[in-house]
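Presented below is the structure to which this report refers.
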Amino acid sequence: MRSLLVIHLHSDYVSEQTHAVSSWQAGPEHLLESNGYLTLPCRNESEIKQLILNADAAVLNIPVGTISIWSGRLEQAKAIPLLWWCSAESALSSTEACEADVTVDGILTPSMAAHELNWALHFSAKRFFERQHWQSERKQLTARLEERKWIDMAKGILGEVNGIPEAEAYDVLRKKAMNERKRIVDVAISIVKAQQMLKA
Numbered sequence: 001m002r003s004l005l006v007i008h009l010h011s012d013y014v015s016e017q018t019h020a021v022s023s024w025q026a027g028p029e030h031l032l033e034s035n036g037y038l039t040l041p042c043r044n045e046s047e048i049k050q051l052i053l054n055a056d057a058a059v060l061n062i063p064v065g066t067i068s069i070w071s072g073r074l075e076q077a078k079a080i081p082l083l084w085w086c087s088a089e090s091a092l093s094s095t096e097a098c099e100a101d102v103t104v105d106g107i108l109t110p111s112m113a114a115h116e117l118n119w120a121l122h123f124s125a126k127r128f129f130e131r132q133h134w135q136s137e138r139k140q141l142t143a144r145l146e147e148r149k150w151i152d153m154a155k156g157i158l159g160e161v162n163g164i165p166e167a168e169a170y171d172v173l174r175k176k177a178m179n180e181r182k183r184i185v186d187v188a189i190s191i192v193k194a195q196q197m198l199k200a
């Protein structure tokens, strides 16, 4: 992890030279660059979309309450580890949102030594891959539950129409899927939708 997208969305982060220099010194760029990391600072969505493709992770220098909004937008552009820059200012401005449900893979602070920074980035990358794996498993389980719902409805319809128990209805459904060379859930969906059209 060498290239870090640094997102500044504080209202006081302005482009005037004096403010930009003081923000840079207080912000994550100084800490990251002095430890050999390349930073890609940005302040708006168009800059983020351009720079995220070259980033290994994102450092969010934003209030906690806005993390969920921006993590969703970043996820759409590119899935990368997300770290929150917890400065004294951002920690104070985020106290009312401390119970917010936010997804970050790590936290960086201005007082971190080089080895602490390296470990924080290492563990955040590991946490990110675990989170991605968990989200993938969750999507698969949700898809399976959705498929099961369609299959159960189709079994009920076939059982009712043919006057057979659900176990037999499942066999009918499975054989129909094999004969049509389709997935069983696709056949189930077509049966349920056909029945819904007849009832309409």
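With the UniProt record's numbering applied, the sequence shown corresponds to residues 1 to 200, in that order. Backbone N, C-alpha and C fix where the C-beta goes; we use that ideal spot for every residue, glycine too.
{"Asked": "Pick from Arg43, Ser68, Lys182 and Glu47 that is closest to Val104, judged by C-alpha positions", "Found": "Ser68"}
{"Asked": "Val21, buried or exposed, once every other Cβ within 10 Å from all chains shown has been counted against 16", "Found": "With a pLDDT of 38 at Val21, under the threshold of 50, the predicted position of this residue should be treated as unreliable, though the coordinate-derived value follows. Val21 is exposed by the Cβ-count criterion."}
{"Asked": "Helix, strand or coil at Pro63 according to DSSP, with G and I counted as helix", "Found": "coil"}
{"Asked": "Beta-carbon proximity list for Arg2, same chain, < 7 Å, skipping 5 on both sides", "Found": "Tyr37, Leu38 and Asp56"}
{"Asked": "Stretch pair the region 47-55 + the region 76-92: three plus CB contacts closer than 8 Å", "Found": "yes"}
{"Asked": "Buried versus exposed, by CB contacts within 10 Å (16 or more), Pro165", "Found": "exposed"}
{"Asked": "Inter-residue CB distance, Leu4 and Leu53 (contact presumed, cutoff 8 Å)", "Found": "Their Cβ separation, rounded to whole angstroms, is 14 Å, which puts Leu4 and Leu53 out of contact at 8 Å."}
{"Asked": "Close beta carbons around Leu158, own chain, < 8 Å, minus the five adjacent residues each side", "Found": "Ile164, Ala169, Val172, Leu173 and Ile191"}
{"Asked": "Between the CA atoms of Ile189 and Leu198 - distance to the nearest angstrom", "Found": "14 Å"}
{"Asked": "Outcome for Lys155 when other beta-carbon atoms lying within 10 angstroms are tallied against a minimum of 16", "Found": "buried"}
{"Asked": "As assigned by DSSP and simplified to three states, the class of Thr109", "Found": "coil"}
{"Asked": "Contact with chain B by Ala77, beta-carbon distance below 8 Å", "Found": "Going by chain labels, chain B is absent from the structure shown, which holds only one protein chain."}
{"Asked": "Alpha-carbon to alpha-carbon, Glu160 and Gln195", "Found": "12 Å"}
{"Asked": "8 Å contact criterion, which Pro28 and Val64 should meet: CB distance rounded", "Found": "Their Cβ separation, rounded to whole angstroms, is 16 Å, which puts Pro28 and Val64 out of contact at 8 Å."}
{"Asked": "Thr39 - DSSP class collapsed to helix/strand/coil", "Found": "strand"}
{"Asked": "One or two residues paired with Trp84 in a DSSP bridge", "Found": "Leu60 and Ile107"}
{"Asked": "Alpha helix (DSSP H) segment containing Leu173, residue limits", "Found": "Glu166 to Glu180"}
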